[in-house]
Amino acid sequence: LNLFMGAMLILVLADNLALMFVGWEGVGLCSYLLIGFWYDKDGTQRPGVANATAGKKAFIVNRIGDAGFLVGMFALVAAFGTLNYREIFGRIAADPHIVEGDFVLGVSLASFVAFCLFIGATGKSAQIPLYVWLPDAMAGPTPVSALIHAATMVTAGVYMVVRANVIYQLAPGVSELVVIVGAVTAIFAATMGLAQTDIKKVLAYSTVSQLGYMFLAAGVGAYWVAIFHLATHAFFKGLMVLGSGSVIHALGGEQDMRQMGGLRKVLPTTYWTFLVGTLAIVGVPGFAGFFSKDQILAAAFDGHKLLWIVGLITAGLTACYMFRLLFMTFWGEFRGTEEQRHHLHESPPVMTIPLVVLAVGAVISGWFGLPKLGHWDWNWLSHVLEPVVAVIGGHGEEHHLSVGLELALMALSVVVAGLGIYVAWRIYGGDQGLAGGQRWAERFPAVHRLLFNKYYVDEIYDATVVKGTWESARSLYKFDANVVDGMVNGSRHVTVGTSFLSGFFDKYVVDGLVNFVGWILQKGSHFFRRLQTGLVSQYALVVAVGAFVLVLFYVVVALRG
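Sequential numbering from 59 applies to the sequence shown in our numbering.
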């Protein structure tokens with residue numbers, strides 16, 4: 059499966075939208091199969107159902123997004139006769155007006171295609187409203203969660219939007235939608251991460267939130283920044299998901315952070331590498347996430363002040379829930395069972411060496427995309443991506459902030475992140491354990507319940523979409539059974555009744571008349587055969603009598619005449 063997924067990822071990066079879609083579906087297949095890998099693990103409903111259900115959920119939700127993706131592909135084929143990026147984008151660059159005219163319902167071809175492709179991206183990259191599959195996808199093995207659901211597959215949607223940036227530059231309305239969806243998803247998922255207790259699900263909502271940041275960057279036209287954050291996120295999120303796997307391994311499969319605590323003493327390598335990943339995602343200066351997230355906020359500040367505020371608040375929430383995870387897992391006293399305490403140990407090198415490698419990447423990867431400050435331009439990544447994200451016809455032009463403003467925004471984001479860390483420390487830091495979190499939950503029970511239950515989105519989907527689908531299916535079944543089958547069965551009854559009457563008429567009327575004629579002939583033959591005696595003299599007598607009768611008849615007729 060890993061080899062197959064690697065091949066599919068190569069297709070995702072191909073220079074053809076059709077090949078990309080094949081790879082897109084291939085990694086989706088890997089995801090579906092691996093989420094349900096532990097098919098024999100006890101579920102919450104009955105043995106084996108939880109993980110299998112999570113796999114099906116991921117599969118179905120992604121198919122919804124793929125339907126939009128396919129419609130966008132069909133529109134491109136109808137307009138250009140090809141799905142090759144270079145050919146399509148070359149023709150658009152030469153004449154942008156070919157995609158700006160009305161295509162359907164007063165919408166331009168660029169807007170229609172961009173919207174359809176973005177539907178696919180919301181499914182694959184877990185954005186509102188199709189994000190619900192990703193937290194449940196954590197049912198799969200932890201290396202799968204790190205590889206597919208934190209670093210590679212889920213970023214395919216971001217890659218696709220950036221790769222198709224020529225179309226999005228000419229669809230400003232859809233680009234605004236991308237910005238809004240990304241910003242709302244970022245803060246929405248971040249708030250849910252504040253109250254989750256499953257260590258992998260906290261990281262899952264963190265992934266959803268960070269993907270929102272990437273779409274925020276892509277929507278404002280900072281395409282290379284979206285790829286920059288995609289790359290840095292792969293390092294620090296892959297690090298933290300594998301780090302959570304190391305913790306789960308040490309605890310014999312336990313994922314509830316309420317049963318952890320004090321693990322930094324017995325899992326030193328896991329702790330320090332996890333701390334590096336946490337500092338990176340929070341945006342502490344010097345770590346990878348600081349550079350990429352800062353440039354996303356700077357891009358949003360220039361023209362989208364409200365969404366910049368949303369992104370800034372999300373940065374504070376990210377710092378809070380990530381250090382909450384760190385403190386609940388590694389600080390304080392151990393809260394697990396004695397059996398778990400007895401088996402606590404650092405993971406073997408096969409697990410810790412990748413953590414160290416990723417920790418190095420979580421530090422140095424950010425230095426390949428340093429922000430442009432005045433005449434200082436050491437931004438290697440933006441120059442590499444320039445041919446791909448070139449400005450088309452004056453659309454999506456990049457604006458640069460002054461050095462002073464750029465530094466001020468950096469400082470503000472660091473302060474907000476520091477505030478989030480401080481809040482997490484006040485509630486969960488030191489040896490408080492779960493006491494601070496319980497006090498917060500008791501003080502704001504409604505808010506805690508809302509966040510813990512993830513805004514009841516899954517329940518709302520179950521009550522509306524899922525239940526509606528089931529009810530529609532049942533209604534269609536009843537219509538089929540009672541109306542369609544009723545009509546078919548009624549036709550059958552009519553046919554059977556008609557055939558019965560036809561058979562009765564044929565048997566008793568038609569056959570009766572035929573049989574009656576036969577009976578008359580049969581009975582008549584009994585009389586006439588008595589005349590056949592075989593005596594020649596008798597036959598001669600009959601002939602003579604017949605001749606006499608004829609002569610007599612003639613004479614009588616002649617005399618009257």
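Idealized CB from N, CA, C, for every residue including glycine.
L465 to G310, Cα distance in whole Å?
46 Å
Counting only the same chain and skipping the five closest in sequence on each side, list residues whose C-beta sits under 6 Å from that of G454.
Confidence at G454 is low in this model, with a pLDDT of 47, below 50, so its placement is unreliable and the value that follows should be read with caution. Q227, G279, listed in sequence order.
Distance check for V368 and P343, CA to CA, integer angstroms please.
21 Å
How is the alpha helix (DSSP H) around F95 delimited, first residue to last?
It is not in any alpha helix (DSSP H) - F95 carries neither H nor E in the DSSP assignment.
C-beta contact flag for A289 and S264 at 9 Å:
no
Which class does S405 belong to by DSSP, given the choice of helix, strand or coil?
coil
Hey, would you say V447 sits closer than 9 Å to Y281, going by beta carbons?
yes
By how many angstroms is the C-alpha of F176 removed from the C-alpha of P105?
Summary for P105: the model assigns pLDDT 43, below 50, so the residue's position carries little reliability, and this model does not support an answer.
Does the region 348-366 come within contact of the region 386-404, defined as at least 3 CB pairs closer than 8 Å?
no
Bridge-paired residues (DSSP) for D160
S166
How about L269 and T336: are their beta carbons less than 9 Å apart?
no
Please classify H207 as buried or exposed, where buried requires at least 16 other C-beta atoms within 10 Å of its C-beta.
buried
Buried or exposed: where does D73 fall if 16 or more other Cβ atoms within 10 Å of its Cβ makes it buried?
exposed
With a threshold of 9 Å between beta carbons, is A72 in contact with chain D?
No chain D is part of this structure, which consists of one protein chain only.
Tell me which residues share the same chain as F117 and place their Cβ nearer than 7 Å to its Cβ, disregarding the 5 neighbours each side in the sequence.
Y90
Whose CA, out of P187, K258, T255, lies closest to the CA of Y519?
P187
Take V202 and list the residues in its own chain whose beta-carbon comes closer than 6 Å to its own, dropping the five residues that flank it on each side.
L92
Compare the C-alpha of V242 against each of G424, M315, V613, G277 and name the closest.
G277
Output needed for L509: all residues of its chain with C-beta closer than 7 Å, excluding positions within five of it in sequence on either side, in chain order.
T249, M250, L252, A253
What residue range does the alpha helix (DSSP H) around Q590 cover?
From DSSP, Q590 is part of no alpha helix (DSSP H); its letter is neither H nor E.
Around the C-beta of F348, are 16 or more other C-beta atoms found within 10 angstroms, so that it is buried, or is it exposed?
buried
When burial is assigned at 16 or more other CB atoms within 10 Å of the CB, is S595 buried or exposed?
exposed
A346 and A420 - do their beta-carbons sit closer together than 9 Å?
yes
Three-pair Cβ contact test at 8 Å for the region 79-90 versus the region 120-134
yes
Determine the direct distance from the alpha carbon of F95 to that of G101, and round the result to whole angstroms.
With a pLDDT of 46 at G101, under the threshold of 50, the modelled position of that residue is not reliable, and no figure is offered here.
Beta bridge counterpart(s) of N573 as assigned by DSSP
Paired residue(s): none; N573 is not in a bridge.
Return yes when the Cβ of I257 is within less than 9 Å of the Cβ of S183, no when it is not.
no
Going by C-alpha distance, which of F359, M409, A179 is nearest L297?
M409
When we look at the beta-carbon of F611 and count the other beta-carbons within 10 Å, is it buried (16 or more) or exposed?
exposed
Which residues DSSP lists as bridging N142, in chain order
N74
Which residues in the same chain have their Cβ closer than 7 Å to the Cβ of A275, if we skip the five residues on either side of it in sequence?
V283, A284, H287, I354, A357
Please classify R221: is it buried, with 16 or more other beta-carbons within 10 angstroms of its beta-carbon, or exposed?
buried
Hey, how far is the Cα of H362 from the Cα of T180?
21 Å
Quick one: what does DSSP say D360 is sitting in, helix, strand or coil?
coil
How long is the line joining the alpha carbons of T556 and H584, rounded to whole angstroms?
40 Å
Can you name the start and end residues of the alpha helix (DSSP H) that S183 belongs to?
Careful: S183 lies outside any alpha helix (DSSP H) and carries neither H nor E.
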